[in-house]
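Each step along the sequence shown adds one to the number in the numbering used here, with nothing skipped, and position 5 is 1008. Where is the CB? At the ideal position from N, CA and C, for every residue including glycine. Right, one structure below, let's go through it.
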Amino acid sequence: MQAKFEEFFQKVKNQTTYDEEELFKLVELSKVTQEDKKEKVANFANILFKLTKSTPSDSINATIIKQVNDDARKYIDEVGDDVNVSFTIALIFVTIIQLFKQDASINSLLNNASTILVNILYKQGNHIDSMDLLIETFEILSKKTNDENKRMYYVSRSNEIARYKSDFQSGKQVKLSPTSSEKLQKAFTYKEKGTDAFKKSDWKGAIFNYHCANNYVTGLMGLGDEEDTISKNLVLVLTNNIAICNMKLGKFKRSIELLDQVLKSDPNNVKALYRRGKCLVAEKEYIHAEEDLEKALTLTPNDKEIIAELKICRQKSNEFKKVEAKAYSKMFD
């Protein structure tokens, strides 16, 4: 079946149109027989085909990638997450993508295909076709990335699915490890628990849950572009939140260390600048505190909290200078 899809898309690659009846017959090979479902899958393939025709010769741009991923989710949701429909959409992803040059931007489509296939195996663990296509998808991804860590991740996932298939065929009990998408969702669950604890002024409880969330989300591989952006932003939010909990506990130096991490990744993070400024005031490092607070105010003019803290910083700085000046003057009496 996969070979027939590949043959079809290779044949129509340089055509402006094709016989849609031929595509319908291909869809039927994947056991999608209900007319409404068959039509939706064929429509998805048709949309992807037409979108690829609007791109430069052998590449797919980011806007098209997002649209295709959104369309895939829409069609899968509309048919009630039918295994045959999901598998065929994943197969269409993988086969059409092979027509394009090796470009890191299309990894998002392959990652989406892998997510669809893993979800199939969670629902129907004996779906051999999904196992085979998933192994192939991870192998393709391992060859398309220049990031060694990602390459190793995809190789390990390919090997894991191969072992899963072998164990399943041997009659052993099998279970897939959580996907990166599942870990991301788990991280959000712990983040919410941390926020609930924070609202109750349970700073230690909040720190514990934020750390649990951070453990799930840090270093995730194999996410699509959208989820990858979400995960990276979540790491910054969690680090920021752990920092403010430490502030509440009076652990200002630890807070500064955490906020340094945030600002290394996001130098214009206003919350981190403001909080580090407050911590630096508490540590009597007024010059650096003023720098952070002034930068935060530049980014968000008229922010009352920042203005108030900057005023406190300058007052304490002036008082400190007066004490220092008096101490020095006594040295020469």
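*Does the separation of the CB atoms of T1261 and I1247 fall below 7 Å?*
Note on identity: in this sequence residue 1261 is Leu, with Thr being the wrong assignment. Not closer than 7 Å, so no.
_Helix, strand or coil, according to DSSP, for H1291 in the structure here?_
helix
_For the pair the segment 1225-1232 and the segment 1184-1191, tell me if three or more CB-CB distances fall below 8 Å._
yes
_Nearest to D1295 (by Cα), restricted to the options D1306, K1254, N1236 and A1275_ = A1275
_For D1073, the nearest candidate out of I1092, S1320 and V1086 (CA to CA)_ = I1092
*Return the chain-ordered list of same chain residues with a C-beta closer than 7 Å to the C-beta of D1132, the five sequence neighbours on each side being excluded.*
F1090
*Buried or exposed: which applies to V1152, given that a residue is buried once 16 or more other Cβ atoms fall within 10 Å of its Cβ?*
The identity of residue 1152 in the sequence shown is Asn, whereas the question assumes Val. Exposed: under 16 other Cβ atoms inside 10 Å.
*For the alpha helix (DSSP H) containing G1197, list its first residue and its last residue.*
S1183 to K1202
*Unbroken beta strand (DSSP E) runs of length 3 or more, entirely within the segment 1235-1301: which are they?*
none
*Under 8 Å by Cβ, that's how I've got E1286 and S1320 pegged, so tell me the actual separation to the nearest angstrom.*
That pair is no contact at about 13 Å.
*asked:* Taking only three categories from DSSP, how would you classify S1060?
replied: Confidence at S1060 is low in this model, with a pLDDT of 49, below 50, so its placement is unreliable and no value can be given for it.
*When S1117, T1221, L1137 and Y1157 are compared against L1237, the one with the closest alpha-carbon*: T1221
*Out of curiosity, what's the CA-to-CA distance linking S1060 and E1195?*
Because the pLDDT of S1060 is 49, which lies under 50, any placement of that residue in the model is unreliable, and the number read from its coordinates should be weighed accordingly. S1060 and E1195: Cα-Cα distance of roughly 45 Å.
_According to DSSP, simplified to helix, strand and coil, what is Q1172?_
helix
*Are K1258 and N1272 touching if we call contact CB-CB under 7 Å?*
Here residue 1258 turns out to be Ser, not Lys, going by the sequence shown. Not in contact: S1258 and N1272 (Cβ atoms no closer than 7 Å).
*Determine contact between the segment 1127-1142 and the segment 1190-1208, defined as no fewer than three beta-carbon pairs at a distance below 8 Å.*
no
*Does the count of Cβ pairs from the segment 1210-1220 and the segment 1161-1174 closer than 8 Å reach three?*
no
_Residue span of the alpha helix (DSSP H) that contains D1132, given as start and end_ = I1131 to K1147
*Go to N1305, then tell me how far its alpha helix (DSSP H) extends in each direction, as first and last residue.*
Looking at the DSSP string, N1305 is not in any alpha helix (DSSP H), and its letter there is neither H nor E.
*In the DSSP assignment, find the unbroken alpha helix (DSSP H) run with K1207 in it and report its ends.*
W1206 to V1220
*Tell me where the alpha helix (DSSP H) around V1121 begins and ends.*
N1110 to K1126
*What residue from M1224, K1235 and L1241 has the CA that sits closest to F1211's CA?*
L1241
*If you count every other CB in all the chains shown that lies within 10 Å of the CB of G1197, and 16 or more means buried, which is it?*
buried
*Nearest candidate by alpha-carbon position, reference M1224, set D1150, A1116 and V1044*: D1150
_Quick check: N1110 and K1168, are their CB atoms within less than 7 Å of each other?_
no
_Measuring straight from C-alpha to C-alpha, what distance separates E1308 and Q1188?_
33 Å
*Have a look at V1097, Y1125, L1124 and Q1127 and flag the residue whose alpha-carbon is nearest the alpha-carbon of N1115.*
V1097
*Could you give the distance in angstroms between the alpha-carbon of K1254 and the alpha-carbon of N1049?*
58 Å
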